[in-house]
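Working notes for the structure below.
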């Protein structure tokens with residue numbers, strides 16, 4: 056590739072799938088309520104800082120962003136709102152559903168989730184812009200695979216029914232070092 060990731064992103068046409076910032080240690084309560092942050096792991100102070108730095112870096116690099124989509128969990132919403140300070144973050148419950156891939160799902164259900172994932176990731180953003188999804192990590196070798204806190208997968212959608220290509224897998228530190 057003769058262009059840098061930043062050059063590509065400045066032209067638009069990509070999806071940046073980022074895992075939320077570092078969350079507090081622990082597990083979700085058995086009966087998670089997506090409307091009650093007390094039942095969830097939430098961003099740590101470091102995770103809040105990651106979100107701020109991430110948004111600042113994308114603005115510094117002049118990456119054009121159209122849509123910001125987040126899982127409905129508090130840590131993903133807080134990451135999106137902290138990073139981008141936008142009132143137009145769209146919540147998509149699907150990005151929480153993918154967490155169930157960590158469980159031993161029946162093959163039919165896992166296939167449905169992965170087909171939906173492909174369908175969502177093959178749709179290009181508005182011309183000249185990129186979309187950002189703030190979600191969760193995947194199991195190893197499933198979907199987009201393991202993603203570290205505030206890690207980003209740069210995806211090139213190929214169009215409906217045509218799939219997508221993973222252009223880069225960046226850690227938070229990789230993103231902070233882009234120029």
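Numbering (my numbering), first residue to last: 56 to 234.
Just so you know, even glycine gets a beta-carbon here, dropped at the ideal spot from N, CA and C.
All figures in this text were calculated on a predicted structure; none of them were measured in a lab.
List the residues that DSSP assigns as beta-bridge partners of residue 190. Here residue 190 refers to the residue found at position 135 when the chain shown is read from its first residue. DSSP lists 74 as partners of residue 190.
Can you give me the C-alpha to C-alpha distance between residue 179 and residue 141, rounded to a whole angstrom? Working through the chain shown from its first residue, we reach residue 179 at position 124. Working through the chain shown from its first residue, we reach residue 141 at position 86. Cα to Cα, the separation comes out at about 21 Å.
According to DSSP, residues forming a beta bridge with residue 212: Mapped onto the chain shown, residue 212 falls at position 157. According to DSSP, which records beta bridges pairwise, residue 212 is partnered with 219.
Which residue's Cα is closest to the Cα of residue 120: 63, 91, 214, 161? By one-based count along the chain shown, residue 120 stands at place 65. It is 63.
Given a threshold of 16 other Cβ atoms within 10 Å of its Cβ, counted over all protein chains shown, does residue 232 qualify as buried or as exposed? In the chain shown, residue 232 corresponds to position 177, counting from 1. Exposed, because fewer than 16 other Cβ atoms sit within 10 Å of the Cβ of residue 232.
C-alpha gap between residue 163 and residue 172, whole angstroms: Along the chain shown, read from residue 1 onward, the residue named residue 163 stands at position 108. Along the chain shown, read from residue 1 onward, the residue named residue 172 stands at position 117. About 14 Å.
Beta-carbon within less than 8 Å of residue 214's beta-carbon, same chain only, minus the 5 sequence neighbours each way: which residues are those? Numbered from 1 along the chain shown, position 159 holds the residue referred to as residue 214. Closer than 8 Å at Cβ, skipping near neighbours: 177, 178, 179.
Between which two residues does the alpha helix (DSSP H) holding residue 135 run? Residue numbering aside, residue 135 sits at position 80 when the chain shown is read from its first letter. Segment 129 to 139, the alpha helix (DSSP H) holding residue 135.
Report the three-state DSSP secondary structure of residue 61 (helix, strand or coil). Start at 1 with the first residue of the chain shown, and residue 61 comes out as number 6. It is helical.
In the structure shown, what three-state DSSP assignment does residue 199 receive? Translated into the one-based positions of the chain shown, residue 199 becomes position 144. Three-state DSSP puts residue 199 in coil, outside helix and strand.
Can you name the start and end residues of the alpha helix (DSSP H) that residue 93 belongs to? Taking the first residue of the chain shown as position 1, residue 93 is located at position 38. Here residue 93 belongs to no alpha helix (DSSP H), and DSSP marks it neither H nor E.
C-beta contact flag for residue 145 and residue 75 at 7 Å: Here residue 145 refers to the residue found at position 90 of the chain shown. Here residue 75 refers to the residue found at position 20 of the chain shown. Contact flag unset, no.
Which term fits residue 208, buried or exposed, when burial requires 16 or more other beta carbons within 10 angstroms of its beta carbon? If you number the chain shown from 1, residue 208 lands on position 153. Label assigned to residue 208: buried.
Check the C-beta distance from residue 98 over to residue 133 and give it rounded, since I have them as a contact under 8 Å. Numbered from 1 along the chain shown, position 43 holds the residue referred to as residue 98. Numbered from 1 along the chain shown, position 78 holds the residue referred to as residue 133. Between residue 133 and residue 98 the Cβ distance is about 5 Å, and since that is below 8 Å, they are a contact.
Beta-carbon separation of residue 197 and residue 210 under 7 Å? Mapped onto the chain shown, residue 197 falls at position 142. Mapped onto the chain shown, residue 210 falls at position 155. Result no, Cβ atoms of residue 197 and residue 210 do not sit closer than 7 Å.
Please report the straight-line C-alpha distance between residue 143 and residue 129, rounded to a whole angstrom. As a working note, residue 143 is residue 88 in the chain shown. As a working note, residue 129 is residue 74 in the chain shown. Roughly 16 Å separates the two Cα atoms.
In three-state terms, what does DSSP make of residue 226? Here the question's residue 226 lines up with position 171 in the chain shown. Here residue 226 sits in coil by DSSP.
Taking residue 228 as the reference, give the member of 170, 135, 79, 105 with the closest Cα. The residue given as residue 228 occupies position 173 in the chain shown. Measuring from the Cα of residue 228, the nearest candidate turns out to be 105.
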